[in-house]
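In the working numbering, the protein residues as written are 30 to 195. Even glycine gets a Cβ: it sits at the ideal position worked out from N, Cα and C.
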């Protein structure tokens, strides 16, 4: 008798919508070009969070540390994203978030996005994997699951939708 394959018993992950985040950003500080790409830091001024599992505000003082990779010759521009910020929930809990991921798209569209033009978010790949840290027992579940997010960059803000991986 052959044992069933483990993969036959494993469920496919599903996603649960947790919240929508909106960030107001300051202009980028260009650090400069290194061997890896162009480094820049984008301060997070503040933001709002609303959704079925999280509500609150983004506190001032966070930042998005981006590395825009050098052109690899295929016409796609890739930015490695690592944003760090604090969410204060409506009930007063504070949650530290590290949100790492990628934003990529055709160089022409990325240039237009950088110039302040609104680009259809479906044309730009913007995905992250946020990690959470909190001392609040009511939000322990954030440190016990994986999360993914999808995002969109606009001239005056970044909007993201966060999902818990079930």
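Based on DSSP bridge pairs, tell me the residues matched to residue i.
{"i": "residue 109", "result": "96 and 131"}
{"i": "residue 101", "result": "In the DSSP output, where bridge partners are listed per residue, residue 101 has none listed."}
{"i": "residue 158", "result": "129"}
{"i": "residue 163", "result": "124"}
Among the options, whose alpha-carbon lies nearest the alpha-carbon of residue i?
{"i": "residue 168", "options": "157, 64, 49 and 116", "result": "116"}
{"i": "residue 94", "options": "86, 103, 80 and 113", "result": "113"}
{"i": "residue 192", "options": "36, 46, 42 and 73", "result": "46"}
{"i": "residue 194", "options": "184, 172 and 92", "result": "172"}
{"i": "residue 149", "options": "176, 82 and 188", "result": "188"}
DSSP three-state label for residue i, please.
{"i": "residue 152", "result": "helix"}
{"i": "residue 90", "result": "coil"}
{"i": "residue 75", "result": "strand"}
Checklist entry - What residue ranges within the stretch 33-67 form continuous beta strand (DSSP E) runs of no fewer than 3 residues, ordered along the chain? => result Whole beta strand (DSSP E) segments, 3+ residues: 44-54 and 58-62.
Next on the checklist: For the pair the stretch 44-54 and the stretch 79-98, tell me if three or more CB-CB distances fall below 8 angstroms.
Outcome noted: Contact between the stretch 44-54 and the stretch 79-98 is present, because at least three Cβ pairs lie under 8 angstroms.
Next on the checklist: Taking contact to mean 3 or more Cβ pairs, one atom from each stretch, closer than 8 angstroms, check whether the stretch 158-177 and the stretch 117-129 are in contact.
Outcome noted: yes
Checklist entry - Do the stretch 96-104 and the stretch 70-84 meet, that is, are 3 or more Cβ pairs less than 8 angstroms apart? => result no
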